[in-house]
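See structure below.
There are 2 protein chains.
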Amino acid sequence: MNSNAKEEILAAGRRMAQAHGYGGLNFRDLALDVGIKHASIYYHFPTKADLGAAVARRYWEDTAAALDAISADISDPLDCLRLYPDTFRQALKNSNRICLCSFMAAEYDDLPEQVRAEIKTFADVNVAWLSRMLAAGGAVEDKAVDQRARAIFAAIAGAQLIARSRADIAVYDTLIEGYRAAGLLPR
Amino acid sequence: MNSNAKEEILAAGRRMAQAHGYGGLNFRDLALDVGIKHASIYYHFPTKADLGAAVARRYWEDTAAALDAISADISDPLDCLRLYPDTFRQALKNSNRICLCSFMAAEYDDLPEQVRAEIKTFADVNVAWLSRMLAAGGAVEDKAVDQRARAIFAAIAGAQLIARSRADIAVYDTLIEGYRAAGLLPR
DNA sequence: ACCTGAACACCGTTCAAGT
DNA sequence: ACCTGAACACCGTTCAAGT
Numbered sequence: 231m232n233s234n235a236k237e238e239i240l241a242a243g244r245r246m247a248q249a250h251g252y253g254g255l256n257f258r259d260l261a262l263d264v265g266i267k268h269a270s271i272y273y274h275f276p277t278k279a280d281l282g283a284a285v286a287r288r289y290w291e292d293t294a295a296a297l298d299a300i301s302a303d304i305s306d307p308l309d310c311l312r313l314y315p316d317t318f319r320q321a322l323k324n325s326n327r328i329c330l331c332s333f334m335a336a337e338y339d340d341l342p343e344q345v346r347a348e349i350k351t352f353a354d355v356n357v358a359w360l361s362r363m364l365a366a367g368g369a370v371e372d373k374a375v376d377q378r379a380r381a382i383f384a385a386i387a388g389a390q391l392i393a394r395s396r397a398d399i400a401v402y403d404t405l406i407e408g409y410r411a412a413g414l415l416p417r
Numbered sequence: 231m232n233s234n235a236k237e238e239i240l241a242a243g244r245r246m247a248q249a250h251g252y253g254g255l256n257f258r259d260l261a262l263d264v265g266i267k268h269a270s271i272y273y274h275f276p277t278k279a280d281l282g283a284a285v286a287r288r289y290w291e292d293t294a295a296a297l298d299a300i301s302a303d304i305s306d307p308l309d310c311l312r313l314y315p316d317t318f319r320q321a322l323k324n325s326n327r328i329c330l331c332s333f334m335a336a337e338y339d340d341l342p343e344q345v346r347a348e349i350k351t352f353a354d355v356n357v358a359w360l361s362r363m364l365a366a367g368g369a370v371e372d373k374a375v376d377q378r379a380r381a382i383f384a385a386i387a388g389a390q391l392i393a394r395s396r397a398d399i400a401v402y403d404t405l406i407e408g409y410r411a412a413g414l415l416p417r
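Shown next, in the form of structure tokens:
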């Protein structure tokens, strides 16, 4: 267990931050979840800022891997784009959680600089992947690709946020369908 | 001053909640801002839940009034829709704050039921106004009006959230322009 | 190397008591 | 009616001590 502790802290920290944010991430509940004493967490992460940054970094690393897996498995970039909303849907399915970085975006004022840097990278990773799919799919003019990628990312983050506030995943599905109907997302 | 205290608490509470959320709304800083002792706030609002609900209620009441003023002043519903993103832009302009209800949507898990009810009403107020404008504008099929109204509301909330995470209002403007280019918002 | 008990300082929250 | 002092509870952090 001891060699796994760091990984378990990261996993539990991610779950906690996706439900309660950086402010709601606390060493005592985290320790309870992992099954160690709260002081022990400081052995692995010297400060809360370090923990938050590590959790956010692991989060975008996992997201980048998941997106790459999609585009490696599926040859049609438009099919990849059609699957993209599902990556955000999974957080809602997991006890009405949201994207860690959306939550932390709201908490921007209270975030240590190192944490801010990681959530910026999360957005960059998503926009870069969307841009690649859009460019390869050819459904959008070249000069509009970046703008459209950013619009999709922001709109989907918003849909997830609003769906959470109703604790109803059907709200998310309806919003995504609305984006498709409006032409923001490919059919 | 004492008869104004309640109003000043509401105003300061709104500012604080738009920057730090319900979790970051705290009686000590609030009291410092208003100029009374922190325990005094409990005379006006028995619990934090009461304060949060009152702040959120006042927030949607103010928003409803502002939206009604727009649609009363401007006869063309499409012009009203063109102005809608500006209501969310103002929060960002005000020290990179966001919509109180977006922040609280993220905090859903930790919200008292009475606060949840108020942020639900905020969304309802916005969607109802957008639906009226869309229906009157005739730019969207009747049966798609509600879906489009919800999509616009969620997408704009998302744009505001992402712009905050960059502390850059130009990001918001670009995202809104992206929504227009994609056909989600009227040109 | 990895973990723990105990303590500290700070701050949000509460409530009985003041005027 | 309106406000306050003082206590309580919690949390991030530290550190000497355990295995």
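Those protein sequences? They're chains A and H, same order as listed.
Each residue of the first sequence is one higher than the one before, counting from 231 in the working numbering.
Each residue of the second sequence is one higher than the one before, counting from 231 in the working numbering.
Cβ atoms here follow ideal geometry from the backbone N, Cα and C, with glycine treated the same way.
None of the values given here were measured: they were computed from a predicted structure.
Go through the stretch 239–307 of chain A residue by residue and report every complete run of the beta strand (DSSP E) that reaches 3 residues or more, in order.
Fully enclosed beta strand (DSSP E) runs of 3 or longer: not present.
Does DSSP put Ile328(H) in a helix, in a strand, or in coil?
In this structure, Ile328(H) counts as coil in the three-state DSSP scheme.
Helix, strand or coil: which one does DSSP assign to Arg394(H)?
It is helical.
Over what stretch of residues does the alpha helix (DSSP H) that includes Ile350(A) continue unbroken?
The amino acid at residue 350(A) is misidentified as Ile; the sequence shows Lys. Its alpha helix (DSSP H) spans residues Glu343 to Gly367.
For Glu407(A), report the span of its alpha helix (DSSP H) as first-last.
Per DSSP, Glu407(A) belongs to the alpha helix (DSSP H) from Ile399 to Ala412.
If contact means a Cβ-Cβ distance below 7 angstroms, which residues of the stretch 277–294 of chain A contact chain H?
So nothing in the stretch comes that close.
Just to make sure I have the definition right: I need the residues of chain A whose C-beta is within less than 8 angstroms of the C-beta of Ala412(H). Which are they?
Those are Arg378, Ala381, Ala412, Gly413 and Leu414, listed as they occur along chain A.
What three-state label does DSSP hand Arg417(H) in the structure shown?
Reduced to three states, the DSSP call for Arg417(H) is coil.
Starting from the Cα of Cys464(A), find the closest Cα among Ala366(A), Asn356(A), Lys373(A) and Ile300(A) and give me that residue.
Any question about residue 464(A) goes unanswered here, given that chain A covers just 231 to 417.
What residues in its chain sit with their C-beta under 8 angstroms from that of Ala235(A), if we drop five residues either side in the sequence?
Excluding residues within five positions, the ones whose Cβ falls inside 8 angstroms are Val264, Ile266, Ser270 and His274.
Taking only the alpha-carbon atoms, compute the straight-line gap between Ala384(A) and Cys310(A) and give it to the nearest angstrom.
Cα to Cα, the separation comes out at about 18 angstroms.
Excluding the 5 residues flanking Ala365(A) on each side, which residues of the same chain have their C-beta closer than 6 angstroms to its C-beta?
Excluding sequence neighbours, Ala365(A) sits near Val375.
In chain order, what residues of the same chain have a beta carbon less than 7 angstroms from the beta carbon of Ala397(H), not counting five sequence neighbours either side?
The residues are Asn326.
So if I threshold CB-CB distances at 8 angstroms, which residues from the stretch 302–330 of chain H count as touching chain A?
Listed in sequence order: Asn326 and Ile328.
Count Cβ pairs between the stretch 282–300 of chain A and the stretch 342–357 of chain A that sit closer than 8 angstroms; are there 3 or more?
Output reads yes: the stretch 342–357 of chain A touches the stretch 282–300 of chain A.
Exposed or buried, which one is Arg394(A) when buried takes at least 16 other CB atoms within 10 Å?
It is buried - the Cβ of Arg394(A) has at least 16 other Cβ atoms within 10 Å.
For His268(A) and chain H, any beta-carbon pair shorter than 8 angstroms?
By this cut-off, His268(A) is not an interface position.
Hey, Ala387(A) and Gly388(H): beta-carbon distance below 8 angstroms or not?
It is a contact, given that the beta carbons lie within the stated cut-off.
Which value, in whole angstroms, describes the spacing of the CA atoms of Gln248(H) and Ala284(H)?
Computed Cα separation, rounded: 14 angstroms.
Let me know the secondary structure DSSP gives Glu237(A) once reduced to three states.
The answer is helix: DSSP assigns Glu237(A) an H, G or I state.
Determine the closest residue to Met363(H) out of Met246(H), Asp298(H), Leu240(H) and Glu343(H), with distance taken between C-alpha atoms.
Out of Met246(H), Asp298(H), Leu240(H) and Glu343(H), Asp298(H) has the C-alpha closest to the C-alpha of Met363(H).
Report the rounded CA-to-CA distance for Phe318(A) versus Ile300(A), giving the unit in angstroms.
Those two C-alpha atoms are separated by around 14 angstroms.
By how many angstroms is the C-alpha of Glu348(H) removed from the C-alpha of Tyr402(H)?
Near 26 angstroms, if we compare the C-alpha coordinates of Glu348(H) and Tyr402(H).
Please list, in chain order, the chain H residues whose beta carbon lies closer than 8 angstroms to that of Arg394(A).
Ala335, Ala336 and Tyr338, listed in chain order.
For Lys278(H), tell me which candidate among Leu262(H), Ala295(H), Ala261(H) and Asn256(H) has the shortest Cα-Cα distance.
It is Asn256(H) whose Cα lies nearest to the Cα of Lys278(H).
Can you check which of these residues, Lys350(A), Arg410(A) and Asp339(A), is closest to Cys331(A) by C-alpha distance?
The shortest Cα separation from Cys331(A) among Lys350(A), Arg410(A) and Asp339(A) belongs to Lys350(A).
Beta carbon of Gly253(H), beta carbon of Met246(H): below 8 angstroms?
Taking 8 angstroms as the Cβ cut-off, Gly253(H) and Met246(H) do not qualify as a contacting pair.
Under a CB-based cut-off of 8 angstroms, is Ser361(A) close to chain H?
No, Ser361(A) does not count as interfacial toward chain H.
Whose CA, out of Ile382(H), Arg346(H) and His250(H), lies closest to the CA of Leu360(H)?
Among Ile382(H), Arg346(H) and His250(H), the Cα nearest to that of Leu360(H) is on Ile382(H).
Per DSSP, what kind of secondary structure is Val375(A) in: helix, strand or coil?
Residue state, collapsed to three classes: helix.
Can you tell which of Leu281(H), Ala379(H) and Gly243(H) has the C-alpha that lies nearest to the C-alpha of Thr404(A)?
Taking only the C-alpha atoms, the option nearest Thr404(A) is Ala379(H).
So, at 8 angstroms on beta carbons, what are the nonlocal neighbours of Leu313(H) in its own chain, with the 5 sequence-adjacent residues on each side left out?
The residues are Ile300 and Ile304.
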